[in-house]
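**Q**
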Amino acid sequence: MDQPRSSDEATVEIPESKSGRSKAATIAATTKAARYASGGGGWKRGVGIFDFILRLCAIVAALAATTTMGTTNQTLPFFTQFFQFQANYDDLPAFTFFVIANAIASGYLVLSLPFSIVGIVRPHAVGIRLLLLILDTVMVAVTTAAASAAAAIVYLAHNGNSNTNWLAICQQFNDFCQRVSGAVVASFIAALIFMFLVVLSAVALRR
């Protein structure tokens, strides 16, 4: 049978003060935010380093496309100096646009390197990533348009088109066709890298 408690054994519950609870909640929230920021910063810094490496690769591809196409010309050797067949890249507007577009992309990539470095040093900087995302998207459109236009001309040079009486010239101008084909491939590689850069920036901003 339970014995009644004496007055000396009575327990007194002291309610926790509101100020104490608010301080504890603030400390916990601050600690959690610091841990989250530290983890997110490391992840975004890794994305920034990968972004920088991709930009270097894109510079190589875009410059290769520009210089290869811009220095492409061939003269058939079995004609006299008064009667020659020549093939120059600037004979076709699509190839001229190709050189200009890839030169612009190359210049932009060089100028974007400092911003990419800032993104590594300050991984939580949103404005820089947003700016690079917008400009990279523009460069995707420019390089893709230039590479596609040049690819159409290269296809006609290799295969011709009997319906429009476009003759295949690559049997005669073999070196010319090989160089412009290599330039087009390099430009598509640069466009693909730009797409990866856009995805990286979008993921970093989303997280």
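Take the sequence shown: its position 41, counted from the start at 1, is 901 in my numbering, and no numbers get skipped. Even glycine gets a Cβ: it sits at the ideal position worked out from N, Cα and C.
(1) Mind the definition here: the region 926 to 936 touches the region 1037 to 1054 only if three or more C-beta pairs lie below 8 angstroms; say whether that holds.
(2) Which residue or residues does DSSP assign as beta-bridge partners of residue 1001?
(3) Taking 8 angstroms as the threshold, find out whether the region 1016 to 1026 comes into contact with the region 996 to 1005 through three or more Cβ pairs.
(4) Can you give me the C-alpha to C-alpha distance between residue 1056 and residue 990, rounded to a whole angstrom?
(5) Could you tell me whether the region 977 to 987 touches the region 905 to 914, using the rule of 3 or more Cβ pairs below 8 angstroms?
(6) Measuring straight from C-alpha to C-alpha, what distance separates residue 992 and residue 1054?
(7) Give the range of the alpha helix (DSSP H) segment to which residue 960 is assigned.
(8) Can you look up residue 934 in the DSSP assignment and give me helix, strand or coil?
(9) Quick one: what's got a C-beta closer than 8 angstroms to residue 1012's C-beta in the same chain, skipping five residues either side?
(10) Could you give the DSSP three-state label for residue 985: helix, strand or coil?
(11) For residue 996, which residues of its own chain have a beta-carbon under 6 angstroms away from its beta-carbon, when the five flanking residues on both sides are left out?
(12) Measuring only the C-alpha atoms, how far is residue 1014 from residue 1037?
(13) Look up residue 1064 in the DSSP assignment and say whether it is helix, strand or coil.
(14) Three-state secondary structure (DSSP) at residue 896?
(15) Measuring CA to CA, which of 905, 923, 907 and 904 is closest to residue 1051?
(16) Does the distance from the CB of residue 921 to the CB of residue 1009 come in under 8 angstroms?
(17) Between residue 947 and residue 933, how many whole angstroms is the CB-CB distance? I'm expecting something under 8 angstroms.
(18) So what does residue 1070 bridge to, in DSSP terms?
**A** Taking the definition as stated:
(1) yes
(2) None; residue 1001 has no bridge partner.
(3) no
(4) 15 angstroms
(5) yes
(6) 11 angstroms
(7) 953 to 981
(8) strand
(9) 954
(10) coil
(11) 1054, 1057 and 1058
(12) 7 angstroms
(13) helix
(14) At residue 896 the pLDDT is 44, less than 50, meaning the model places this residue with poor confidence and gives no usable figure here.
(15) 923
(16) no
(17) 7 angstroms
(18) Given a span of 861 to 1067 for the chain in the structure shown, any question on residue 1070 remains unanswerable.
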